[in-house]
Ligand SMILES: Cc1ncc(COP(=O)(O)O)c(C=O)c1O
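Residue numbers (the numbering used here): 465 to 812.
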């Protein structure tokens, strides 16, 4: 099963969560979408939200490779930057806590929200409990600037005798995190085989692109040509499409193989992005409520809720001979930070 995956299993990796994560059917949503007298597609969910590490999520798989490199470099401190309600930052703090490292989190002002709950609850609260040191960055759309300030903090720590490891945000650094989703593609392909499920399409969120690019790369490298629909949660499709293709080229370089991904493989929708990153819309609110009230699935307003909105839309347009798989990437703590806006929308 490693054809086309090159050096994947040789690269340093720290594993704190067992695999595989469950692959489960969604019978209640399936029935509701089918409606009376009409049958619809079979629906399944890959539960990467269930990783048993500080509320889990897709960033667990990605951090396994960053912490692998950090450990090889002898780091005693890890620095990371992200939105205020970043799951990546929260899980970085979780890895650091488990491995006995110091963690510095830089919170970028990416979402125009003054809500005190947004700035203190959810991922911020969890990261603080995990012992992270918090910093701020006043912009949200300046990846290079955010990295530069993180490097400055790292230089200060180095001057005090520490050995920092920086997880960069901007493209141009090896996409180590995407390797976690190459691994996930291999894992899921094995589960689908074992359960004799033949999917017609996968639906995944597409933010930094590490999940989308890694997963798509992994499938194609294994010779699986099932469509993967990436759901934009951060930027418009015309910007995200080339980003994913470039990321796939970077993954190929890292693994020492040729990229099996073509431009036509990169399918993207930004239909559920408005009004923008980290801001709720009606289909996402409905998707969050549907996931929770029908299947007890907790979806977040920033990532997995938007991806579920696209999945439900795809399912409603689907046919009875199709099987659709939703990749649940987690984000659970954010629902508490968005408690006000979620509740207002439902009239609670
Ligand atoms: C819960 C969740 N889902 C999806 C994503 C998007 O993943 P990626 O950044 O790999 O595109 C993120 C990114 O932070 C996330 O936290």
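Cβ atoms here follow ideal geometry from the backbone N, Cα and C, with glycine treated the same way. Values in this document were obtained by computation on a predicted structure and should not be read as measured data.
Enumerated in chain order, which unbroken segments of the beta strand (DSSP E) with a length of 3 residues or greater are wholly contained in the stretch 681-734?
-> 692-696 and 731-733
Given a cut-off of 8 Å, decide if residue 543 and residue 628 are closer than it, judged by their beta-carbon atoms.
-> yes
What does a CB cutoff of less than 7 Å around residue 729 pick up in its chain, not counting 5 residues either side in sequence?
-> 680 and 684
In the DSSP assignment, what residue or residues form a beta bridge with residue 597?
-> 568
Considering only the beta carbon of each residue, do residue 556 and residue 631 sit closer than 8 Å?
-> Yes. Within cutoff.
Assign residue 471 to buried or exposed, taking buried as 16 or more other Cβ atoms, counted over all protein chains shown, within 10 Å of its Cβ.
-> exposed
Return the chain-ordered list of same chain residues with a C-beta closer than 6 Å to the C-beta of residue 566, the five sequence neighbours on each side being excluded.
-> 541
Should residue 674 be listed as close to ligand 1, given that the test is whether its C-beta is under 7 Å from any heavy atom?
-> yes
Cβ neighbour criterion (16 or more within 10 Å) applied to residue 659 = exposed
Cross-strand partners of residue 790 (DSSP beta bridge) | 509 and 667
Should residue 506 be labelled buried (16 or more other beta-carbon atoms within 10 Å of its own) or exposed?
-> By the neighbour-count definition (other C-beta atoms within 10 Å, threshold 16), residue 506 is a buried residue.
Please report how far the alpha carbon of residue 573 lies from the alpha carbon of residue 562, in whole angstroms.
-> 28 Å
Got a sec, what are the start and stop residues for the beta strand (DSSP E) residue 631 sits in?
-> 628-631
In chain order, what residues of the same chain lie with their CB nearer than 7 Å to the CB of residue 797, ignoring the 5 residues before and after it?
-> 519, 554, 586, 587 and 590
State the Cα-Cα distance for the pair residue 530 and residue 811, rounded to the nearest angstrom.
-> Near 42 Å, if we compare the C-alpha coordinates of residue 811 and residue 530.
Which full runs of the alpha helix (DSSP H) of 4+ residues lie inside the stretch 603-629, going along the chain?
-> Residue ranges of uninterrupted alpha helix (DSSP H) with 4 or more members, entirely inside the stretch 603-629 and ordered along the chain, are 607-623.
What residue range is occupied by the uninterrupted beta strand (DSSP E) comprising residue 488?
-> 487-489
Flag residue 794 as yes when its Cβ comes closer than 7 Å to any non-hydrogen atom of ligand 1, and as no otherwise.
-> Residue 794 has its CB nearer than 7 Å to a heavy atom of ligand 1.
Host alpha helix (DSSP H) of residue 748 (start-end) | 746-759
DSSP on residue 545, reduced to helix/strand/coil?
-> strand
In this structure, does DSSP put residue 517 in helix, strand or coil?
-> coil
With DSSP run on the structure shown, which of helix, strand or coil describes residue 804?
-> Three-state DSSP puts residue 804 in a helix.
Note down the Cα distance separating residue 581 from residue 657, rounded to an integer number of angstroms.
-> Near 44 Å, if we compare the C-alpha coordinates of residue 657 and residue 581.
Reduced DSSP secondary structure (H/G/I, E/B, other) of residue 580 | helix
Own chain residues within Cβ distance below 7 Å of residue 759, not counting five before or after = 490, 492 and 493
Would you call residue 870 buried or exposed, if buried means 16 or more other Cβ atoms sit within 10 Å of its Cβ?
-> This structure leaves residue 870 out entirely; the chain is present only between 465 and 812.
Whose C-beta lies closer than 8 Å to the C-beta of residue 469 among residues of the same chain, with five residues either side of it excluded?
-> 646, 650, 682, 685, 686, 719 and 721
Sorted by chain position, which residues of the same chain lie with C-beta nearer than 7 Å to residue 480's C-beta, five sequence neighbours on each side aside?
-> 517, 559 and 562
Using a threshold of 8 Å, state whether the C-beta atoms of residue 508 and residue 789 are closer than that.
-> yes
Which residue's Cα is closest to the Cα of residue 504: 616, 495 and 512?
-> 495
Would you report the Cα separation of residue 466 and residue 608, rounded to the nearest angstrom?
-> Any reading at residue 466 must be qualified, since the residue scores a pLDDT of 49, below 50, and its modelled position is unreliable; no value is offered.
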